[in-house]
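Visitor: Using this note's numbering, the letters of the sequence shown correspond one by one to residues 1019 to 1217. By construction, the Cβ of each residue, glycine as well, lies at the ideal position given by its N, Cα and C atoms.
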Amino acid sequence: MNISKAGGTPPPMVHLLIAGVTFEFVWLLCVVNPGNAFVVGITAANVALHFFLFCRLPADGDDQKRRRDYPGPLVRCCAWVGLIAITGICMDSLLFKAGIFFPTPESERFVLVPLWLACLWVNFALALRFAFVFLQRNLIIAALFGGVGGPLSYFFGAAIGGSVALSEPLWATLLLLSLLWAVFLAGAMKLARQSSFRY
């Protein structure tokens, strides 16, 4: 699969590595410090970083095809992030309503999901678009990645941050999350590689 930047030029591998490391860093910060202003600020900074690395208007001396295609890459990126973030937020909201997740302290109130979790979905959508773009090559690998990484992220997030707890028995919750995330990630990657969202 061709991984291209703004119309056909492959992005430097270092940019993809920066995107991956940044996601892990932002995930950890949002989990351990879920204050509203902080998570919004760090998410905005991550969005700006990805715009600079992958979606900015090419300079005059760059490939003219890339300039003609602009702002196509930016529009596709925004549409992708919006779709994945909204889907993920709705999925987590259903898990809260079903009692699979519950906030701690229990007095916390929110409409769909806590703001920090919504911001995590924005950051994860960026990571899928860029750092984890290799998952588009193989849907089985994508399903395995989701089936293992999804539940582990919730498990470690609950253990580290404590803002969201998982229902008991824990093994059943993790199994459910594994199945959901395997289907979700494989479906997202299939959509990405078979549509205009393909990067």
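Is it the case that the stretch 1047-1061 contacts the stretch 1171-1179, given that we only count it when at least three CB pairs across the two stretches are under 8 Å?
Guide: In short, these stretches touch, since the Cβ pair count reaches three.
Visitor: Just the Cα atoms here: how many angstroms apart are residue 1134 and residue 1053?
Guide: Looking up residue 1134 in the sequence shown gives position 116. Looking up residue 1053 in the sequence shown gives position 35. Spanning the two alpha carbons is a distance of roughly 7 Å.
Visitor: Using the Cβ count rule (16 or more neighbours within 10 Å means buried), how would you classify residue 1154?
Guide: Position 136 of the sequence shown, counted from the start, is the residue given in the question as residue 1154. The residue is buried, with at least 16 neighbouring Cβ atoms inside 10 Å.
Visitor: Pop quiz: residue 1006 and residue 1149 are said to be a contact at Cβ under 8 Å. What is the actual Cβ separation, rounded to whole angstroms?
Guide: Here the chain has residues from 1019 to 1217 only, and residue 1006 is not among them.
Visitor: Where does the unbroken beta strand (DSSP E) through residue 1182 begin, and where does it stop?
Guide: Translated into positions along the sequence shown, residue 1182 becomes position 164. Counting along the chain, the beta strand (DSSP E) containing residue 1182 begins and ends at 1182-1184.
Visitor: So, under 8 Å CB-CB, residue 1116 and residue 1165 are touching, yes? Tell me the CB distance rounded to an integer number of Å.
Guide: As a first step, residue 1116 must be located in the sequence shown, where it is residue number 98. As a first step, residue 1165 must be located in the sequence shown, where it is residue number 147. Incorrect: roughly 19 Å between the Cβ atoms, too far for contact.
Visitor: Consult DSSP for residue 1169 and reduce its assignment to one of helix, strand or coil.
Guide: Indexing the sequence shown from 1 puts residue 1169 at position 151. Here residue 1169 sits in helix by DSSP.
Visitor: Of all the options 1033, 1122, 1139 and 1110, which has the alpha carbon lying nearest to the alpha carbon of residue 1101?
Guide: Within the sequence shown, the letter at position 83 stands for residue 1101. Among 1033, 1122, 1139 and 1110, the Cα nearest to that of residue 1101 is on 1139.
Visitor: Starting from residue 1120, trace the beta strand (DSSP E) in both directions and tell me its first and last residue.
Guide: As a first step, residue 1120 is located in the sequence shown; it is residue number 102 there, counting from the start. Start and end: 1119-1121.
Visitor: Please return the same chain residues whose Cβ sits closer than 7 Å to the Cβ of residue 1195, not counting the five positions on each side in sequence.
Guide: Taking the sequence shown and counting its residues from 1, the one referred to as residue 1195 is at position 177. Once the five neighbours on either side are set aside, the close Cβ partners of residue 1195 are 1168, 1169 and 1172.
Visitor: Excluding the five sequence neighbours on either side, which residues of its own chain have a C-beta within less than 8 Å of the C-beta of residue 1184, listed in chain order?
Guide: As a first step, residue 1184 is located in the sequence shown; it is residue number 166 there, counting from the start. Closer than 8 Å at Cβ, skipping near neighbours: 1118, 1119, 1172, 1173, 1176, 1191 and 1192.
Visitor: Alpha carbons only, please: which of 1163, 1210, 1189 and 1144 is nearest the one belonging to residue 1034?
Guide: For this step, residue 1034 is matched to residue 16 along the sequence shown. When each option's Cα is compared against that of residue 1034, the closest is 1144.
Visitor: For residue 1063, does the count of other Cβ atoms within 10 angstroms reach 16, so buried, or fall short, so exposed?
Guide: As a working mapping, residue 1063 is identified with position 45 in the sequence shown. Label assigned to residue 1063: exposed.
Visitor: What residues in its chain sit with their C-beta under 6 Å from that of residue 1070, if we drop five residues either side in the sequence?
Guide: Walking along the sequence shown from the start, residue 1070 turns up at place 52. Closer than 6 Å at Cβ, skipping near neighbours: no residue.
Visitor: For residue 1160, which residues of its own chain have a beta-carbon under 6 Å away from its beta-carbon, when the five flanking residues on both sides are left out?
Guide: Start at 1 with the first residue of the sequence shown, and residue 1160 comes out as number 142. Correct list, in chain order: 1153, 1203, 1204 and 1207.
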